[in-house]
Amino acid sequence: MPDIKAFGQPAFVSPEEERLHRKQRLAAAFRLFARWGFDEGVAGHITARDPERLDHFWVNPFGMHFSRIRVSDLILVDHDGNVVEGNRPVNRAAFAIHSQLHAARPDVVAAAHSHSLHGKAWSTLGRLLDPITQDACAFYGDHGLFDDYTGVVLDLDEGKRIAAALGDCKAVILRNHGLLTVGHSVDEAAFWFFAMDRTCHAQLLAEAAGKPVHIDADMAALTASQVGNHHAGWFGFQPLFEMLTVEEPDLLE
Ligand SMILES: [Zn+2]
Numbered sequence: 012m013p014d015i016k017a018f019g020q021p022a023f024v025s026p027e028e029e030r031l032h033r034k035q036r037l038a039a040a041f042r043l044f045a046r047w048g049f050d051e052g053v054a055g056h057i058t059a060r061d062p063e064r065l066d067h068f069w070v071n072p073f074g075m076h077f078s079r080i081r082v083s084d085l086i087l088v089d090h091d092g093n094v095v096e097g098n099r100p101v102n103r104a105a106f107a108i109h110s111q112l113h114a115a116r117p118d119v120v121a122a123a124h125s126h127s128l129h130g131k132a133w134s135t136l137g138r139l140l141d142p143i144t145q146d147a148c149a150f151y152g153d154h155g156l157f158d159d160y161t162g163v164v165l166d167l168d169e170g171k172r173i174a175a176a177l178g179d180c181k182a183v184i185l186r187n188h189g190l191l192t193v194g195h196s197v198d199e200a201a202f203w204f205f206a207m208d209r210t211c212h213a214q215l216l217a218e219a220a221g222k223p224v225h226i227d228a229d230m231a232a233l234t235a236s237q238v239g240n241h242h243a244g245w246f247g248f249q250p251l252f253e254m255l256t257v258e259e260p261d262l263l264e
């Protein structure tokens with residue numbers, strides 16, 4: 012197996028170049044979410060922080076199907092929720108949650124949320140995920156639980172409470188709602204969302220069949236450092252991005 016650290020993340024010569032890169036990854040992430048069935052009506056949003064205006068973020072236009080989103084369709088929202096680039100509306104829930112996450116976590120470049128089936132089903136249990144598989148260890152000690160449900164998130168205080176439940180972690184389970192993941196890149200946030208929904212699915216299957224054996228704490232922590240680091244999340248997205256840009260090059264328009 013190659014040393015994944017040998018594959019470097021890109022460096023940028025200008026903010027314009029970095030912005031375009033983030034937007035391309037963001038458009039691709041939406042299309043992957045559609046492929047994975049993470050779209051449900053108009054629910055769900057992924058945000059990418061602008062590389063220059065750090066309190067602004069790029070997001071999907073409200074009501075546009077994830078499978079159709081191109082780079083040129085993405086909208087830029089400021090810290091007050093105003094759309095400052097693009098002429099389509101923003102989902103107010105997306106702004107209420109994501110603006111507070113981006114404010115609370117300066118290290119976070121991107122955040123992803125959707126009502127994916129397995130994440131949604133798992134969220135009803137009000138429990139953290141257990142380290143029952145190698146892949147689940149990516150979330151060991153690295154996800155929080157927002158143990159409350161108060162309707163569609165439309166106010167900023169609720170976004171702040173979700174940010175508090177996330178803490179320094181890569182993900183948070185929103186009880187009776189779904190999953191939310193963050194990353195140091197769009198690639199990472201999107202890949203963790205995919206991995207976390209799969210992890211929920213695996214634990215639901217395992218617990219339906221019996222009583223899964225837990226990986227012991229020391230080994231789970233070691234595995235978390237191997238499969239759950241920022242670079243591993245970024246790297247997991249690369250083959251998906253390559254596949255998608257070959258099959259659906261119009262996403263880059
Ligand atoms: Zn939601």
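Residue numbers (the working numbering): 12 to 264.
Here a beta-carbon is modelled for each residue, glycine too, at the ideal position from N, C-alpha and C.
Check your understanding: With distances taken between CB atoms, is the gap from residue 141 to residue 56 smaller than 8 Å?
Key -> no
Point to revise | Proximity to residue 133 [Cα-Cα], best of 152, 260, 117, 157 | key: 157
Exercise for review: Identify every residue that forms a DSSP beta bridge with residue 192.
Suggested key: 123, 182
Point to revise | Given residue 37 as reference, the closest of 201, 23, 219 once Cα atoms are compared | key: 201
Exercise for review: Give a yes or no on contact between the region 27–45 and the region 207–216, applying the rule of three or more CB pairs nearer than 8 Å.
Suggested key: no
Practice item. Would you check if there are 3 or more beta carbon pairs closer than 8 Å linking the region 219–236 to the region 172–180? Key: no
Point to revise | 8 Å Cβ cutoff met for residue 108 and residue 124 | key: yes
Practice item. Provide the residue span of the alpha helix (DSSP H) that contains residue 157, from first to last. Key: Run containing residue 157: none in the alpha helix (DSSP H); it sits in the beta strand (DSSP E), 154–157.
Practice item. Check whether the Cβ atoms of residue 118 and residue 195 lie closer than 8 Å to each other. Key: yes
Exercise for review: Could you spell out where the alpha helix (DSSP H) holding residue 177 opens and where it closes?
Suggested key: 167–177
Point to revise | Residue of 249, 26, 114 minimising C-alpha distance to residue 62 | key: 26
Review point. How big is the Cα-Cα spacing for residue 191 and residue 24?
Key: 31 Å
Check your understanding: Roughly how many whole angstroms lie between the Cα atoms of residue 16 and residue 162?
Key -> Below a pLDDT of 50, predicted positions are generally treated as unreliable, and residue 16, at 49, falls in that range; the measurement from the model is reported next regardless. Taking the straight line joining both Cα atoms gives about 42 Å.
Practice item. Leaving out five residues on either side along the sequence, give the residues of the same chain with a beta carbon under 8 Å from the beta carbon of residue 167. Key: 107, 110, 111
Check your understanding: Looking only at its own chain, which residues have a Cβ that is under 7 Å from the Cβ of residue 148, when we skip the five neighbours before and after it?
Key -> 142, 226, 231, 234, 235, 238, 239
Exercise for review: Output the distance between the C-alpha atoms of residue 261 and residue 116, rounded to the nearest integer angstrom.
Suggested key: 32 Å
Practice item. Helix, strand or coil for residue 41, going by three-state DSSP, please let me know. Key: helix
Review point. In whole angstroms, what separates the C-alpha of residue 20 from that of residue 247?
Key: 12 Å
Point to revise | Rounded separation between residue 10 and residue 94 - CA only | key: The structure shown does not extend to residue 10, since the chain is modelled only from 12 through 264, so no value can be given for it.
Check your understanding: Taking residue 83 as the reference, which of 90, 89, 75 has the closest Cα?
Key -> 75
Point to revise | Residue closest to residue 135, alpha-carbon to alpha-carbon, out of 160, 146, 58 | key: 160
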